[in-house]
Amino acid sequence: MLKFKPLIVLAAILFAVTLLIPSLLVLPFMEEKAGGKLGEELQSEAKDVAAVPTADSAVEVAVYRTALSKTEKLPLDEYLIGVVAAEMPAEFELEALKAQALSARTYYVKQMLSPNKVGVPEGAQLNDTEIHQVFKNKEELKKQWGVDYKWKMKKIAEAVKATDGQVLTFDGAPIDATFFSTSNGFTENSEEYWSNSLPYLRSVESPWDLESPKFRSQTVMTVAEVESKLGVKLPNTSEIGKVISRTSGNRVAKIDIGGKVLTGKEVREKLKLRSSDFTWELKGSNVVITTEGFGHGVGMSQYGANGMATEGKNYQDIVKHYYKGVEISEADSMLTKVTAKK
1 MLKFKPLIVL AAILFAVTLL IPSLLVLPFM EEKAGGKLGE ELQSEAKDVA AVPTADSAVE
61 VAVYRTALSK TEKLPLDEYL IGVVAAEMPA EFELEALKAQ ALSARTYYVK QMLSPNKVGV
121 PEGAQLNDTE IHQVFKNKEE LKKQWGVDYK WKMKKIAEAV KATDGQVLTF DGAPIDATFF
181 STSNGFTENS EEYWSNSLPY LRSVESPWDL ESPKFRSQTV MTVAEVESKL GVKLPNTSEI
241 GKVISRTSGN RVAKIDIGGK VLTGKEVREK LKLRSSDFTW ELKGSNVVIT TEGFGHGVGM
301 SQYGANGMAT EGKNYQDIVK HYYKGVEISE ADSMLTKVTA KK
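Using the working numbering, the first residue of the sequence shown is number 1, and each one after it goes up by one.
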């Protein structure tokens, strides 16, 4: 009997292997099938998450398209994408774009809660120009961006979504979230350019702007043109205007030109200069004017925001630098009021 034991053992092993091999062959395919099912579930879950409406998407905006003389209605998130795309380069850092989206939403909410609607016909809430905020729709952006449309749209949509339903507030109320392109190294106190003194629109340093391609520019005008636009007679000296005072942001506050005193804002607007921080010199029959900065200088500098983002600051850091003493608040109740007023 002992002679047959090895044969019995060998037979038993072969039998077991025969049963095991199909299982080993099937197991990887079973795991792959299970993994595929899990992937489908995850994709389905991602779609469900994406389908969840945002606070912005629940609000409808009526923007008057000035060039077309018609009112366009669209969800707030799409409107904000069109504003950020029109107001700030998509090449800017994502955190700077988020800061712009937050400012744009705050501006919209502030406008909607205001009883006065300026520059729009009945049925519209705001227009698509600098009077309110520049806006471009998807079709216009496709033409403008061409082959870059997809990545630029995705990036800006991400910035808007990241700040969904958020606004900037001071003492619980939305602020006047003004912004501009480039400072001269400092922003401006609100009352030194406009009439109202607002506690959150204070002059702050903005050294990042010195790297902006729009920091310095030069304009040449004839003496006759300057005299006509300013209503002055330029003196026949090398000093064609004496600066009487400067603002906190180091722009021209008041200047004496041939005995007539004008504000820096008046000179900027009448001569259509980029900034009220200007110097000029007489060269023959021409006046050569050099400006530093681009814009009114009040609120958030866009190139400054991008500079901060490049250094690693997030959008909360950026807005709290340019708007002093503000809070980032959820706008649910405010957006409800906006919806109710429509």
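Idealized CB from N, CA, C, for every residue including glycine.
Contact check for L198 and D176: beta-carbon distance about 6 Å, within the 8 Å limit, so the pair qualifies.
The beta carbon of R251 sits closer than 6 Å to the beta carbons of G264, S276, D277 from its chain, once the five residues preceding and following it are set aside; these are given in chain order.
Ranked by Cα distance from N314, the options Y193, I131, F92 are led by F92.
Uninterrupted alpha helix (DSSP H) stretches at least 4 residues long and entirely within the region 165-241 occur at 223-230, given in chain order.
The C-beta distance from D128 to V63 rounds to 6 Å, short enough to fall under 8 Å.
Around the Cβ of I289, a 10 Å sphere holds 16 or more other Cβ atoms; the residue is buried.
With a contact defined as Cβ atoms closer than 8 Å, I131 and A85 miss out at about 18 Å. Here E327 is exposed: its Cβ has fewer than 16 other Cβ atoms, across all protein chains shown, within 10 Å. Burial state of V261 is exposed, judged by a 10 Å Cβ sphere holding fewer than 16 other Cβ atoms. Around P207, the same chain offers G185 as residues with beta carbons nearer than 7 Å, after the five sequence neighbours per side are excluded.
Per DSSP, reduced to three states, the secondary structure at E269 is helical.
Between the alpha carbons of E78 and S57 lies a gap of roughly 8 Å. Collapsing the DSSP output to three states places L141 in a helix.
In the three-state reduction of the DSSP assignment, R65 falls in the strand class, which pools E and B.
Taking the Cβ atoms as the reference, A173 lies roughly 22 Å from K98, outside the contact range of under 8 Å.
Taking a cut-off of 8 Å for Cβ pairs, the region 209-226 and the region 282-299 touch, as three or more such pairs fall below it.
In the structure shown, the three-state DSSP call for K324 is coil. Annotated three-state conformation of S245 is strand, per DSSP. By the criterion of a C-beta distance shorter than 7 Å, K229 is surrounded in its chain by K270, L271, once the five residues flanking it on both sides are discounted. Contact check for Q100 against A331 fails: the beta carbons are separated by 9 Å or more. In the structure shown, E130 falls within a coil segment according to DSSP collapsed to helix, strand and coil. Close CB contacts of A309 within its chain, under the 7 Å cut and outside five residues either way in sequence, are with E93, E95, A96, I318 (chain order). Judged by their CB atoms, W280 and I240 are nearer to each other than the 9 Å cut-off. Residues E72, D128 of the same chain have their beta carbon placed closer than 6 Å to that of R65, with the five preceding and five following residues left out of the count.
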